[in-house]
Each structure stands twice: as structure tokens, then as C-alpha cells.
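Here's the structure we're looking at; comments come further down.
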Amino acid sequence: DAGVIQSPRHEVTEMGQEVTLRCKPISGHNSLFWYRQTMMRGLELLIYFNNNVPIDDSGMPEDRFSAKMPNASFSTLKIQPSEPRDSAVYFCASREGTGPEKLFFGSGTQLSVL
Amino acid sequence: KNEVEQSPQNLTAQEGEFITINCSYSVGISALHWLQQHPGGGIVSLFMLSSGKKKHGRLIATINIQEKHSSLHITASHPRDSAVYICAARGGADGLTFGKGTHLIIQP
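Take a look at the structure:
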């Protein structure tokens, strides 16, 4: 398997623009997580899906952020409008089931909002 | 909310030394993860444990549930072990609370 695939690897955009980050989990994994990593705050959970249903979105910073999982093989994280403070690395991770299984991370998307 | 503390924040050691990274958390958990983030940014899950001890190659992870403490040990450290090591506590809501990470540098 190719692992968790994220795109794009890097995104540079201007303040106010819409940004869409994409994630393809490992086939057969039914739990998907979006994380954000910054120097100041480290890694933080943004949202967690199980069987394509959002279970916990309490980490989503504000209404400018939205995430969808239309099917088991694809998820998006959208920021509209983007702001400079959204600059971070965004990681997607997936896991098989909801029990004590390992997490598998994507390579991350480095987002810079100017 | 779980508070996850790691120590040390930074660690520089010589090749071959035995390395210990500590992680403590404030409330009961269902599992604890140890992650390794390479200089290029990629994150790899090293261990997930809920009790006792796990070993993989030169890496050993232990957890003491009563003391709410976990350690990651590296035996015969090598420069390629240089990375950021992050512990993450998994609580009932299934989200992970992350430590700030330990920056490890192994010098030849």
C-alpha cells in the first residue's frame, strides 16, 4: 500500500484565499484524523472521522475551517478565507478501526499564508 | 483535559549512548503513542501501548499506568536516530493530546 497520501505537499497562498487540503487514507482504514502542527502549539487534533462521519471536531479553530469525508477513500480540509496565522503543517492520519491500532501519518501539507 | 509533558525538550548525546525520553500525563488514558518525526517532517508511529513494555529493535517503550508515566529508550544510539520524538496520550474521546516533543541529536 502507498500509505496515507496528502496533497499538495506545499501550498503558498495569499490572505483571504480559499485553501483545500486533500487526504487519501490507507485502504481499509475507517478512522481518519486531521492534525495541525505549529512551532508554538505543537501537534493538535483538528477533527476525527469514523466511517466517514465526523466524530469530534472540537479542535477545529473556527468557522473558517471545514472538513469533509464524502467516501472512505477521500477527505478534504478547507480554509476559507485563509489568514497568516493558519500557516502550519497539516497532517492527515488513518487507522484501522477504533481500537488499539497504530496510526499512520501522511507526509503533511506545508501551508504558508502570506 | 489531559496535560502531556515530555522531558527533556532537547537532548544531545554521543553515538552509542543509552537514551531515555520521558512522558507524563495528567489523566487516565486508554493508550499512549510514541511518534518519531524525521528532520524532513514525516511522522512515523513507533509504538502504541496501554500497559507494560514493547520492544522494536533498539527501541523500547514502557508505561506505568499507576504513575501516569511512559519512557522511550534507545540503546546503542546512532546519528540516524536524530529526530523529534513525540508522545501522545489517547483519552476516551479518541483524540490524541500531544507532548511538545523531544529534539534528539546523536553526534558521531
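Protein chains in written order, with our numbering: chain W, 8 to 121; chain X, 49 to 156. We put the CB at the ideal spot given by N, CA and C, even for glycine.
Should residue i be labelled buried (16 or more other beta-carbon atoms within 10 Å of its own) or exposed?
i	result
H36 (chain W)	buried
P32 (chain W)	buried
R138 (chain X)	buried
E25 (chain W)	exposed
D70 (chain W)	exposed
I153 (chain X)	exposed
N58 (chain W)	exposed
R102 (chain W)	buried
M47 (chain W)	exposed
Does the beta carbon of residue i sit closer than 8 Å to a beta carbon anywhere in chain W?
i	result
H86 (chain X)	no
S93 (chain X)	yes
H104 (chain X)	no
G89 (chain X)	yes
H81 (chain X)	yes
Looking only at C-alpha atoms, which of the options sits nearest to residue i?
i	options	result
T20 (chain W)	W:D63, W:L39, W:S89 and W:S80	W:S89
G147 (chain X)	X:P127, X:I134, X:I154 and X:I153	X:I134
L76 (chain X)	X:K102, X:Q114 and X:N58	It is Gly, not Leu, that sits at residue 76 (chain X) in the sequence shown. The option with the nearest alpha carbon to G76 (chain X) is X:Q114.
L80 (chain X)	X:T60, X:A136 and X:G90	X:A136
K75 (chain W)	W:E18, W:R92 and W:I54	W:I54
P56 (chain X)	X:A124, X:Q62, X:I69 and X:E65	X:I69
V52 (chain X)	X:I122, X:H104, X:G90 and X:H117	X:H117
R106 (chain X)	X:N112, X:H121 and X:V92	X:H121
H147 (chain W)	W:T27, W:G10 and W:A9	Look at the range of chain W in this structure, 8 to 121, and you will see that residue 147 (chain W) is not part of it.
G10 (chain W)	W:I86, W:G23, W:L110 and W:P61	W:L110
T145 (chain X)	W:G66, W:P15, W:N58 and W:N78	W:G66
H71 (chain X)	X:E63, X:L83, X:Q62 and X:T60	Reading off the sequence, residue 71 (chain X) comes out as Cys, not His. If we check each option's Cα against that of C71 (chain X), X:L83 comes out closest.
L52 (chain W)	W:A100, W:T116 and W:N78	W:A100
I111 (chain X)	X:A124, X:T123 and X:M96	X:M96
Any beta-carbon of chain X closer than 8 Å to the one on residue i?
i	result
G49 (chain W)	yes
V120 (chain W)	no
D93 (chain W)	no
D64 (chain W)	no
L110 (chain W)	yes
S34 (chain W)	no
G115 (chain W)	yes
S52 (chain W)	Reading off the sequence shown, one finds Leu at residue 52 (chain W), where the question assumed Ser. Yes, L52 (chain W) counts as interfacial toward chain X.
Is residue i close to chain B? Criterion is C-beta to C-beta, closer than 8 Å.
i	result
L39 (chain W)	The chain inventory of the structure shown lacks chain B, comprising the protein chains W and X.
Quick one: complete beta strand (DSSP E) runs, 3+ long, within the segment 67-149 of chain X?
For secondary structure counted as the beta strand (DSSP E) over 3 or more consecutive residues, the segment 67-149 of chain X holds these complete runs in sequence order: 67-73, 79-85, 91-97, 100-104, 107-112, 117-122, 131-138 and 144-146.
What are the start and end residues of each continuous beta strand (DSSP E) run of 3 or more residues lying completely inside the segment 14-76 of chain W, in chain order?
17-20, 26-31, 38-45, 49-57 and 60-63
Contact residues within the segment 130-155 of chain X, judged by C-beta distance below 7 Å to chain W:
I134, A141, D142, G143, L144, F146, K148 and G149
Output needed in chain order: residues of the segment 78-102 of chain W with a Cβ under 7 Å from some Cβ in chain X.
V96 and F98
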